[in-house]
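Encoded as structure tokens, the structure appears first; notes follow it.
In the working numbering, the protein residues as written are 38 to 353.
Structure representation (structure tokens):
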């Protein structure tokens, strides 16, 4: 899908077109073909027999939603490089509201069938409400893995599920097909959350995840699973701003089985998503299958690092 066409549809909204801060945030959004969540509506739309052009309102609404979510999430996480640092918290919150409203405006103004437009807006609203609830849960630290998954389920899958769901809806998909694709998106959201957790946990310098360590799966695992260096790891977590302590913590993440556990969960989610897609009746499953394949690449690289010669066979 043409990323510029998606951004242009947002820029052309009357209020957005004269709001420098909205335009500036929009211009800063980067695009990864097939990976960015605003590409998902086109994939699901094409899979049910529609066209990428028909999915542009959904793609633009999803992009607006993601910008809104990131603005708020950075404030809740107190991200050192969040946009609220330069804009101010009040302005950032106001812009988050504006982007969320713009998403609804795009669906309401450009989807010709009023019933479908209303349904699409309901999906977007349900996603936004669910994600906000999840972000609120994520602002408090989980006590155990069960609470971790409760937070993840509320926070991450709604956007990915809605992206596939609205795209399939605009493409004319049957209700059962639309529901199946929404579930595929949710599973993919869980996969991406674990993948992001693993990436964040292993980065240097320490990411903000180390400030609420039990909300990051590999760190939570190393803090709670039975292994010889659990107590030492918990001590290191409190000093993760020290490069030496962080390096030692990274070694324990590898030795404790935390990385292996995350890999196992990603394989589990990838197989679940592919199995559900295979059972879904589609005009052309390839666009959605390609989205899944592209998102699996980080997992394949991780498996290759571990010595697996053909990682694609494990996730097939």
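Built from N, CA and C at the ideal position, the CB exists for glycine as well. The structure presented is a predicted model; accordingly, all values stated were derived computationally and were not measured.
Buried/exposed call for residue i, threshold 16 Cβ in 10 Å
i           : result
residue 152 : exposed
residue 253 : buried
residue 315 : exposed
residue 139 : buried
residue 198 : buried
residue 45  : exposed
residue 137 : buried
residue 312 : exposed
residue 334 : exposed
residue 259 : buried
residue 126 : exposed
residue 280 : exposed
residue 53  : buried
residue 142 : buried
residue 301 : exposed
Reduced DSSP secondary structure (H/G/I, E/B, other) of residue i
i           : result
residue 116 : coil
residue 179 : coil
residue 226 : helix
residue 124 : helix
residue 304 : helix
residue 187 : helix
residue 220 : helix
residue 337 : helix
residue 327 : helix
residue 66  : coil
residue 315 : helix
residue 208 : coil
residue 195 : helix
residue 5   : This structure gives no information on residue 5, because the portion of the chain shown stretches from 38 to 353.
residue 140 : helix
residue 158 : helix
residue 44  : helix
Residue i vs residue j beta-carbon contact at 7 Å
i           : j           : result
residue 201 : residue 213 : no
residue 135 : residue 144 : no
residue 295 : residue 250 : no
residue 230 : residue 189 : yes
residue 336 : residue 84  : no
residue 104 : residue 62  : yes
residue 99  : residue 75  : yes
residue 317 : residue 217 : yes
residue 58  : residue 161 : no
residue 120 : residue 129 : yes
Proximity test, residue i beta-carbon vs the ligand MN heavy atom, cut-off 6 Å
i          : result
residue 58 : Only the bare structure without any ligand can be found here, which leaves the ligand MN out of the picture.
TODO: Decide yes or no for the touch test of the region 290 to 304 against the region 172 to 187: beta carbon pairs closer than 8 Å, at least 3 of them.
DONE: no
TODO: Report yes or no: do the region 68 to 76 and the region 318 to 338 share at least 3 C-beta pairs separated by less than 8 Å?
DONE: yes
Open item on the list: Can you confirm whether the region 303 to 314 touches the region 60 to 69 when touching is taken to mean that 3 or more C-beta pairs between the two stretches lie within less than 8 Å?
Closed with: no
Task: Three CB pairs or more closer than 8 Å across the region 312 to 328 and the region 229 to 237 - done: no
Open item on the list: For the region 184 to 191 against the region 280 to 287, do three or more pairs of beta-carbon atoms, one drawn from each stretch, fall closer than 8 Å, so that the two count as touching?
Closed with: no
- [ ] Kindly confirm or deny that the region 205 to 224 and the region 141 to 160 touch, where touching means at least three C-beta pairs closer than 8 Å.
- [x] yes
Open item on the list: For the pair the region 189 to 199 and the region 166 to 173, tell me if three or more CB-CB distances fall below 8 Å.
Closed with: yes
- [ ] Specify whether the region 86 to 103 and the region 113 to 133 touch according to this definition: at least 3 beta carbon pairs, one from each stretch, less than 8 Å apart.
- [x] no
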